[in-house]
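One structure is given below, encoded as structure tokens.
Chains as they are written, first to last, in my numbering: chain A, 1 to 257; chain B, 1 to 231; chain C, 1 to 475.
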């Protein structure tokens, strides 16, 4: 399946269920960034969820079924890119482990995993993007989502691109690498502990004095945005892709029009 | 009736999937035990001169609140000890073991120092021992228990004075083990080998560091330089 | 120690509202966490040593039977009595018998998590023996009738004020006018009290960080020297150690020791690392007359053939719990048994069964920090996930949760239905949430909205908008 506009790599966008359901503007920002980086982007319709909720709940059967479905849906693309470190980590690291004992799928899972990237890491590490043409007047701080950081090594890449955004001052918060307390099913199963963790996080965010909080994972962002709002703190929250793509017309997460 | 020993070993073997006595496994273990491979020597002590090792050793100990005093020859030790005790307002009464290097020092040159022999008694305030080796990589002293240097001398008295010769300063822990092997044989050990890296301390109360938790509150290490010609 | 894991959520809630505990835990990031990072930065070989440590342990575990036999041979040749205990009850009985044979009235103890695991103290006390914990942190929790809350800093949950209050309450010979406002004064008071016990002890019991097969030696690591006074002053020295503590040679233990203190407290090396082999020799003027080593299984041999074998690499440094955001929020007691933090979340269910400890491996976001700092590279999140798999296969965690999960998974495997259903749900939620942008309350999401708002969806799904975009509609 080669690209009719020859030379451009074909990227299959793995939307992620949270972006799909909660905040499509992140998906469109991702598409814009990928096209600006010289890729042609497609969104296979047969994708739903990466299977993490099942996987992390110990339900390997459903997780494996979703893994097979996802791998099949993205057959033929040069790259599979997700605007989420945790979903990309699931696809890249855990799918091969999940299907290791399946003779029909283990090879496919490995081949698939090699084509999977988180969005920002794809732009910087694969496409060699060094700067974006966006603008944002104000101070932002960046939260390092756990899976992106520890499973995929995403740390410098978003900061490098953010430093090219005209007018944006990036201020690091204390403990940016400490978990925000979302953890998918964890926030539901252990709400009090999750709250204690997100409280520490929002205190650190606020102490950096930003106008804007950014991260690469919508789960973390929803968690932190929800807490900031409950605390009455006037800090806007967006996915980093939105700022890098200059897509700021929609209200921030948990923000009103 | 199977003993617990047999039951445990049998469970281990079945857990590992071992169904019969495998001579290859035994060979692997024997080889590993006798080869005593060193895995790694930290760069900080690799190919360093004696001077550099001493500087490293000293720096670590001082960082851990030990006092380090260098003397040119062992005859200077009694005076150095007397100085240390005096300047720290400590009693001039020292418990020492049978270590010949220590007992044969010219203590007469410091007549006010009272030397007591043997294991530590609860009322002893100053203990003196001779380290078997000194390890530069973390400022660590190695002691071998015995009549020469009873182990209680390292722990009971509040002040611990250590004598170590620069020629016994080695780069790494593995080198210290070679010294021990040279003295005791390839696999034999005294009752206790202590690796000591400073005075006793604890952070258990409010997270703040306090010295002298149970072991010695202070430590003075006297290093006899290589300039000393002989035994 | 009786597990209280079944009340984990309740334990956690109490912990979250305990201001003293929270104050104590707040010191972790700038303390132990920062110190470990600094120590690691000072040793360029740190990461290589983690691989070396992992390989040493994996090799040993793969030959554990042979190394234990060699250890026993060497230890016995040096004059040790080596005992094998399959269960906690057996270990207690062996140690009790040793104490009876020694006519022991007072027993001093160095810090030993294994002794907590087997419930040794209460067994000895029931037999009329006075047991004195000598590690200062252990002593502090002992006099409060508590259990340790951290495997290397047992009293990390206490503040200085609490310690002063305890000493005033419990030290009979403490004059009322003695000043105890500084940590040094408190330590001085403890030193005085415990010194009497060291000197009076009949039996000294320690754990062992390592057992060395090459020489038949046991190794303890302390900063206080309490382990040394415990094991050198009493007539009898008893070591209680679990079977996976064995390593082949002194070279092997040297490599692992380079990681231990750095990972635990950020020190270059612990103040006292002591290698003990047999009882005193004929010409020794001091040291114990008898030396016993109790090798404990208590479920570990069973782990060898399972996916949990890797947890047996643990060297009890505590780095995982120091870096765990969950531990930092709730402290060690909430975990309900001997081993807190990530290592506890894996080891406890492995030893006492997932059914009795299900909350532990679930109380994790899988942030991965524990695995990142573990000197032995134990894949703790992966092992916690394995416990969740076991729990799931046994019908857990709850009907309601499984229903939610299965419903989601059912739709997710049917993309067309999924897209229709999600479109409807998103539209509804989006409509209700549009004005304020977030929900203060949401049915089925009580846990979330108790503490934070739930952001409203934008109102259309991406798939829906993308389809329109492909069909030429402007965005």
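Note that CB positions come from ideal geometry on N, CA and C, so glycine has one too.
Just confirm the distance between the C-beta atoms of residue i and residue j, as a whole number of angstroms; I'd bet it's less than 8 Å.
i, j, result
"residue 222(B)", "residue 94(B)", "Not quite, the Cβ-Cβ distance comes to about 12 Å (not below 8 Å), so this is no contact."
"residue 226(C)", "residue 353(C)", "Not confirmed; about 34 Å, so no contact."
"residue 124(A)", "residue 161(A)", "7 Å"
"residue 438(C)", "residue 455(C)", "5 Å"
"residue 84(B)", "residue 67(B)", "7 Å"
"residue 486(C)", "residue 236(C)", "A question about residue 486(C) goes unanswered here, because the residues of chain C that appear run from 1 up to 475."
"residue 240(C)", "residue 99(C)", "Residue 240(C) to residue 99(C), Cβ: 12 Å. No contact."
"residue 225(B)", "residue 6(B)", "Contact doesn't hold; Cβ gap of about 57 Å is too wide."
"residue 66(C)", "residue 45(B)", "33 Å between Cβ atoms; not a contact."
"residue 158(B)", "residue 216(B)", "6 Å"
Counting contacts by CB-CB distance shorter than 8 Å, is residue i in contact with chain C?
i, result
"residue 1(A)", "Its pLDDT being 44, under 50, residue 1(A) is placed unreliably in this model, and the value from its coordinates should be taken loosely. Taking Cβ atoms only, chain C never reaches closer than 8 Å to residue 1(A), which makes this a no."
"residue 213(B)", "yes"
"residue 207(B)", "yes"
"residue 204(B)", "yes"
"residue 230(A)", "yes"
"residue 16(B)", "yes"
"residue 258(A)", "Here chain A comprises residues numbered 1 to 257, so residue 258(A) is not present and cannot be evaluated."
"residue 68(B)", "no"
"residue 11(B)", "yes"
"residue 47(A)", "yes"
"residue 123(B)", "no"
"residue 114(B)", "no"
"residue 33(B)", "yes"
Spell out the partners DSSP gives residue i in its beta bridges.
i, result
"residue 204(C)", "108(C), 237(C)"
"residue 81(C)", "292(C)"
"residue 215(A)", "239(A)"
"residue 144(B)", "193(B)"
"residue 138(A)", "168(A)"
"residue 273(C)", "195(B), 221(C)"
"residue 210(C)", "219(C)"
"residue 222(B)", "69(B), 163(B)"
"residue 211(B)", "201(B)"
Name the chain C residues whose beta carbon is nearer than 8 Å to that of residue i?
i, result
"residue 151(A)", "368"
"residue 57(B)", "Simply none; closest approach about 12 Å."
"residue 154(A)", "Neighbours of residue 154(A) on chain C: none; closest Cβ ~13 Å, over 8 Å."
"residue 196(A)", "16, 329, 330"
Name the chain C residues that come within less than 7 Å of residue i, Cβ to Cβ?
i, result
"residue 107(B)", "Per Cβ cutoff of 7 Å: no residues; residue 107(B) is ~20 Å from chain C at best."
List, in order along the chain, the chain A residues whose C-beta lies closer than 8 Å to that of residue i?
i, result
"residue 372(C)", "150"
"residue 426(C)", "21, 22"
"residue 219(C)", "Those do not exist, as residue 219(C) stays about 32 Å from chain A at its closest Cβ, beyond 8 Å."
"residue 364(C)", "183, 186"
Could you name the residues of chain C that residue i contacts, counting a contact when the two beta carbons are closer than 9 Å?
i, result
"residue 71(A)", "Simply none; closest approach about 13 Å."
Using a Cβ cut-off of 8 Å, pull out every chain B residue sitting near residue i, in sequence order please.
i, result
"residue 67(C)", "29"
Quick one: list the residues of chain B neighbouring residue i, beta-carbon separation under 7 Å, in chain order.
i, result
"residue 250(C)", "177"
"residue 44(C)", "43"
Counting only C-beta atoms, is residue i closer than 8 Å to chain B at any point?
i, result
"residue 134(C)", "yes"
"residue 398(C)", "no"
"residue 49(C)", "yes"
"residue 143(C)", "no"
"residue 280(C)", "yes"
"residue 297(C)", "yes"
"residue 170(C)", "no"
Closest Cβ-Cβ distance between residue i and chain A: below 8 Å?
i, result
"residue 326(C)", "yes"
"residue 337(C)", "no"
"residue 10(C)", "no"
Listing by chain order, which chain A residues have their CB less than 9 Å from the CB of residue i?
i, result
"residue 375(C)", "Chain A residues near residue 375(C): none, gap ~17 Å exceeds 9 Å."
Is it true that the stretch 386-402 of chain C meets the stretch 357-365 of chain C, where meeting means three or more beta-carbon pairs spaced less than 8 Å apart?
As far as the Cβ criterion goes, the stretch 386-402 of chain C touches the stretch 357-365 of chain C, which means the pair count is three or higher.
Can you find at least 3 beta carbon pairs, one from the stretch 170-178 of chain C and one from the stretch 98-115 of chain C, that sit closer than 8 Å?
No: the two stretches stay apart, fewer than three of their Cβ pairs being nearer than 8 Å.
Does the pairing of the stretch 163-174 of chain B with the stretch 47-58 of chain B give three or more beta-carbon distances under 8 Å?
Segments in contact, yes.
With three or more beta-carbon pairs closer than 8 Å as the criterion, would you say the stretch 42-58 of chain A touches the stretch 104-119 of chain A?
Counting Cβ pairs under 8 Å, fewer than three are found: no touch.
Three-pair Cβ contact test at 8 Å for the stretch 177-185 of chain A versus the stretch 338-348 of chain C:
Contact between the stretch 177-185 of chain A and the stretch 338-348 of chain C is absent, because fewer than three Cβ pairs lie under 8 Å.
Measuring CB atoms only, is the stretch 278-286 of chain C touching the stretch 71-83 of chain C, in the sense that at least three cross pairs come out at less than 8 Å?
Look at the beta carbons and you see the stretch 278-286 of chain C touching the stretch 71-83 of chain C: at least three pairs across the two are nearer than 8 Å.
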